[in-house]
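Comments concern the structure below.
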Amino acid sequence: MDIAEARNCLPQYQLAQTLRAGAQGDVFRGNAPDGRDIVVKIISGAWVQRGEREIRALALVNHPAVVRLVGHGMVDCAGNRLPFMATEFIEGEDLRYQLDTATFHTAAAPRLVSSLAEGLDAIWAQQIVHRDIKPANIMVRPDGRGVLLDLGVARCLGMTTLTVGTGSPGTLGYLSPEQARGVRNLTTKSDVYSLGVTAYEAVVGDHPFGRDQILMMNASRPPTVRGRARCSNAMADLIAAMMEPLPAMRPMPREVVTALAGEVT
Numbered sequence: 016m017d018i019a020e021a022r023n024c025l026p027q028y029q030l031a032q033t034l035r036a037g038a039q040g041d042v043f044r045g046n047a048p049d050g051r052d053i054v055v056k057i058i059s060g061a062w063v064q065r066g067e068r069e070i071r072a073l074a075l076v077n078h079p080a081v082v083r084l085v086g087h088g089m090v091d092c093a094g095n096r097l098p099f100m101a102t103e104f105i106e107g108e109d110l111r112y113q114l115d116t117a118t119f120h121t122a123a124a125p126r127l128v129s130s131l132a133e134g135l136d137a138i139w140a141q142q143i144v145h146r147d148i149k150p151a152n153i154m155v156r157p158d159g160r161g162v163l164l165d166l167g168v169a170r171c172l173g174m175t176t177l178t179v180g181t182g183s184p185g186t187l188g189y190l191s192p193e194q195a196r197g198v199r200n201l202t203t204k205s206d207v208y209s210l211g212v213t214a215y216e217a218v219v220g221d222h223p224f225g226r227d228q229i230l231m232m233n234a235s236r237p238p239t240v241r242g243r244a245r246c247s248n249a250m251a252d253l254i255a256a257m258m259e260p261l262p263a264m265r266p267m268p269r270e271v272v273t274a275l276a277g278e279v280t
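With my numbering as the guide, the letters of the sequence shown map in order to residues 16 to 280.
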């Protein structure tokens, strides 16, 4: 869909440019009626169920560390009735880009991880498990705080199961051991594990298991972080605790925030 057609379909928004177009849908940048910078996604094809799930999850959460839903609904485009969602436009870069280009400063890791743990705490307060925490789904604001994106495979108690084909929803190399095994009653501890893997990458520069999900699933202890990480020993030990194989041994998101309180500048 080109931007002219999108403007006709969504006259309530001032759409300025196309950000991307593809099988998942079309994404535009623009302004809401109140002037806020927004991103509008018109969802199509096999991604409709995922988009509707994300809308339902985001509608339950209002926190600066979780991308904010500005509006949503259905729109008629070229004879098709499709869901759309408008979210806040976030200034910054995604963490995957910063890690790949070596532009992430490890001194900013405590602030980033703490803010993301606050986001996990906020979504878990609504009984939501993100299930796809990874660097590509994290935006880093100019002030170093993180924002969780893409709740398209999130699981909320009371939601129907998302059909994602074979295997577990999420991204191999970032799944907790229990998520990789297909455990259904995941808790926020699963997201904490994935955030721990992401934090390890941020402070060490490499993936702790070489993105080998089988190694992650069968590990009997967390990877060594002390001596490898460019961070304090206290933070290194916290990251290791976040990657404990047993969920009961991992901290809750709020405990991660508390543990980092003295390191966030």
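Every residue, glycine too, gets a C-beta built ideally from N, C-alpha and C.
None of these values were measured; they are calculated from a predicted model.
Check, Outcome
"Label His-145 either buried or exposed according to how many other C-beta atoms from any shown protein chain fall within 10 Å of its C-beta, with 16 as the threshold for buried.", "buried"
"Quick one: using the 10 Å Cβ neighbour count with 16 as the cut-off for buried, is Gly-152 buried or exposed?", "Here residue 152 is Asn; the residue named in the question, Gly, does not match the sequence. Counting Cβ neighbours within 10 Å, Asn-152 comes out buried, since at least 16 surround it."
"What did DSSP end up calling Leu-172 once you bin it into helix, strand or coil?", "coil"
"Where does Ile-229 land, buried or exposed, given buried means 16+ other C-beta within 10 angstroms?", "exposed"
"Just confirm the distance between the C-beta atoms of Val-82 and Val-162, as a whole number of angstroms; I'd bet it's less than 8 Å.", "6 Å"
"For Pro-260 and Pro-192, which I take to be in contact (beta-carbon distance under 8 Å), what is that distance rounded to the nearest angstrom?", "5 Å"
"Would the stretch 132-143 count as touching the stretch 43-57 if we require 3 or more Cβ pairs under 8 Å?", "no"
"Using three-state DSSP, classify Cys-92 as helix, strand or coil.", "strand"
"So, are the CB atoms of Val-85 and Glu-103 less than 8 Å apart?", "yes"
"Assign Gly-134 to one of three DSSP states: helix, strand, or coil.", "helix"
"Name the DSSP beta bridge partners of Asn-152, please?", "Bridge partners of Asn-152: none, in fact."
"Which runs of the beta strand (DSSP E), 3 residues or longer, sit entirely within the stretch 74-129?", "84-92 and 95-103"
"Give me the DSSP bridge partner(s) of Ala-36.", "Asp-41"
"Beta carbon of Thr-203, beta carbon of Lys-149: below 8 Å?", "no"
"Could you say which of Gln-64, Tyr-215 and Met-264 lies nearest to Ser-247 if we only look at CA atoms?", "Tyr-215"
"Short of 7 Å in beta carbon distance, which residues of its chain neighbour Gln-27, apart from the five on each side in sequence? Order them along the chain.", "Pro-48"
"Can you tell me the Cβ-Cβ gap for Asn-256 and Pro-266, rounded? I've got them flagged as a contact below 8 Å.", "Looking at the sequence shown, residue 256 is not Asn but Ala. Confirmed, Cβ separation roughly 6 Å."
"Is there contact between the stretch 231-250 and the stretch 216-223, where contact requires at least three CB pairs shorter than 8 Å?", "yes"
"Whole angstroms is fine: what's the gap from Asn-23's alpha carbon to Asp-91's?", "10 Å"
"Put Gln-141 into one of helix, strand or coil per three-state DSSP.", "coil"
"Have a look at Thr-116, Leu-110 and Leu-201 and flag the residue whose alpha-carbon is nearest the alpha-carbon of Arg-160.", "Leu-110"
"Could you please give the first and the last residue of the uninterrupted alpha helix (DSSP H) stretch that includes Gly-211?", "203-219"
"Cutting at 7 Å between CB atoms, please list the residues of its own chain near Gly-167, excluding the five before and the five after it.", "Arg-65, Gly-66, Arg-68 and Glu-69"
"Work out the CA separation of Met-16 and Pro-262 for me, nearest whole Å.", "44 Å"
"Spatial neighbours of Gln-32 within its chain, please: CB distance less than 6 Å, with the 5 preceding and 5 following residues excluded, ordered by chain position.", "Arg-44"
"Select from Phe-224, Thr-239, Ile-254 and Arg-241 the residue whose C-alpha is nearest the C-alpha of Tyr-208.", "Ile-254"
"Per DSSP, Asp-52 is paired with what?", "Asn-46"
"With H, G and I counted as helix, E and B as strand and the rest as coil, what does DSSP make of Ala-263?", "helix"
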